[in-house]
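Student: Structure provided below as structure tokens; questions to follow.
In this note's numbering, the protein residues as written are 15 to 109.
Following this line, the structure appears as structure tokens:
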């Protein structure tokens, strides 16, 4: 087998599993959902958007752009499109 046929595909996980464990243990989503109630017509609850920003701040401390969001999204179980829609909804007030 030649080395020319090999390709390395690596992904960064960083501290995301540890952060997710703390978020779950603290029941932070439920706490945020209690104090930040969302309307029924919203696609993504305010609590999910806030947790996305919390993960981003703890992991990257960079603006939430597509290339930085991919690491956060993988642990949050959201697609890039879902994050973009959640950010638009929270910033622009679009349902």
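Each residue gets a CB set at the ideal place from its N, CA and C atoms; glycine is no exception.
#1: For residue 29, count neighbouring Cβ atoms within 10 angstroms of its own Cβ and tell me buried if that reaches 16, exposed if not.
#2: Since residue 65 contacts residue 37 with CB under 8 Å, what's their CB separation in whole angstroms?
#3: Taking just the CA atoms, how far does residue 24 sit from residue 54?
#4: In this structure, does DSSP put residue 44 in helix, strand or coil?
#5: Look at the Cβ atom of residue 35, then the Cβ atom of residue 46, and state whether they are nearer than 7 Å.
Tutor: Taking the definition as stated:
#1: Counted from its first residue, the chain shown places residue 29 at position 15. By the 16-neighbour rule on beta-carbons within 10 angstroms, residue 29 is exposed.
#2: Here residue 65 is taken as the residue at index 51 of the chain shown, counted from 1. Here residue 37 is taken as the residue at index 23 of the chain shown, counted from 1. Indeed they touch by this definition, with Cβ atoms about 6 Å apart.
#3: Position 40 of the chain shown, counting from 1, holds the residue named residue 54. Position 10 of the chain shown, counting from 1, holds the residue named residue 24. The alpha-carbon of residue 54 is positioned some 39 Å away from that of residue 24.
#4: If you number the chain shown from 1, residue 44 lands on position 30. Three-state DSSP puts residue 44 in a helix.
#5: The residue you call residue 35 lines up with position 21 of the chain shown. The residue you call residue 46 lines up with position 32 of the chain shown. Against a cut-off of 7 Å, the Cβ pair of residue 46 and residue 35 comes out as no contact.
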